[in-house]
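Read through the structure below, which is laid out as structure tokens, and then see the notes.
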Amino acid sequence: YANGLNAERVKQQQAEIDAVNARMDNFRILKSIECDILGDGTLDFPDEVLATFDLVIASIHSKFGMTRDEATRRLIRAMENPYVTVLGHPTGRLLLAREGYAIDHHAVIDAAAELGVCIEINANPRRLDLDWRFLKYAKEKRVQIAISPDAHRIEGYDDVRYGVGIARKGWLEKDDVLNTRTAEEVLAFARKRRQ
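In structure tokens, the structure reads:
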């Protein structure tokens with residue numbers, strides 16, 4: 354999908370990140386990836402590759418023609434992988450272009466709570482997914498939310514404001530949002546899943 358990385362390109366990219374981090378005293382680039390959730394709920398990289406990342410975001414990018422139960426099981430199976438930190442754009446919707454696939458939002462949020470997985474608000478104005486109507490339930494279940502601009506270029510970072518608006522509409526506060534934390538706190542959240 355989208356000319357994604359293979360295992361060799363992952364090694365190359367991570368070596369470049371290590372080199373930059375070695376030169377920087379007051380800044381750190383985290384090693385992260387958005388990987389695909391395959392049709393059966395497994396991920397498109399093996400665990401030994403996923404283990405090399407600080408953070409793993411798992412998202413569906415294909416095979417949208419699922420029943421509600423199939424889509425729900427697919428997302429939950431992906432979250433069961435101990436390397437998954439964040440479930441990305443859980444319904445795959447593209448506003449004014451593609452309806453999201455039907456899922457049991459409560460079951461997905463319950464699984465995220467049980468497994469310690471964060472759920473993304475994709476702040477791209479074409480997505481705005483997770484929908485604000487499910488944020489109160491996520492908050493009640495103490496599921497952390499990540500606000501991501503889904504930026505594919507520098508200008509895309511401005512889109513985070515739309516995600517903040519969605520979070521506010523869903524009554525989220527700073528403590529409910531993973532990426533309001535320090536880098537060490539975010540890394541501790543990710544490591545907790547891997548124990």
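Counting in the numbering used here, the sequence shown runs without a single skipped number right up to 548 at its last residue.
Glycine is no exception: its CB is placed at the ideal position from the N, C-alpha and C atoms.
Taking 3 residues as the shortest admissible run, the stretch 460–546 contains the following complete beta strand (DSSP E) segments, listed from N- to C-terminal end: 471–475, 498–501. In the structure shown, residue 433 adopts coil according to DSSP, grouped into three states. Out of 368, 541, 395, the CA that lies nearest to the CA of residue 412 is found in 395. Residue pairing by DSSP leaves residue 421 without any beta bridge partner.
For residue 400, the uninterrupted alpha helix (DSSP H) run begins and ends at 400–403, by DSSP. Excluding sequence positions up to five before and after residue 545, its CB lies within less than 8 Å of the CB of 469, all in the same chain and listed in chain order. A residue is called buried when at least 16 other Cβ atoms come within 10 angstroms of its Cβ; residue 427 meets this threshold and is buried. With a contact defined as Cβ atoms closer than 8 Å, residue 404 and residue 454 miss out at about 29 Å. Within the same chain, 366, 386 come within 8 Å of residue 358 by CB-CB distance, once the 5 residues on both sides are set aside. In the three-state reduction of the DSSP assignment, residue 411 falls in the strand class, which pools E and B.
As the crow flies, the alpha-carbon of residue 397 is around 10 Å from that of residue 431. For residue 489 against residue 463, the beta-carbon gap comes to about 14 Å, at or over 8 Å, which does not count as contact. In the DSSP annotation of this structure, residue 386 is not part of any alpha helix (DSSP H); the continuous beta strand (DSSP E) holding it starts and ends at 385–389.
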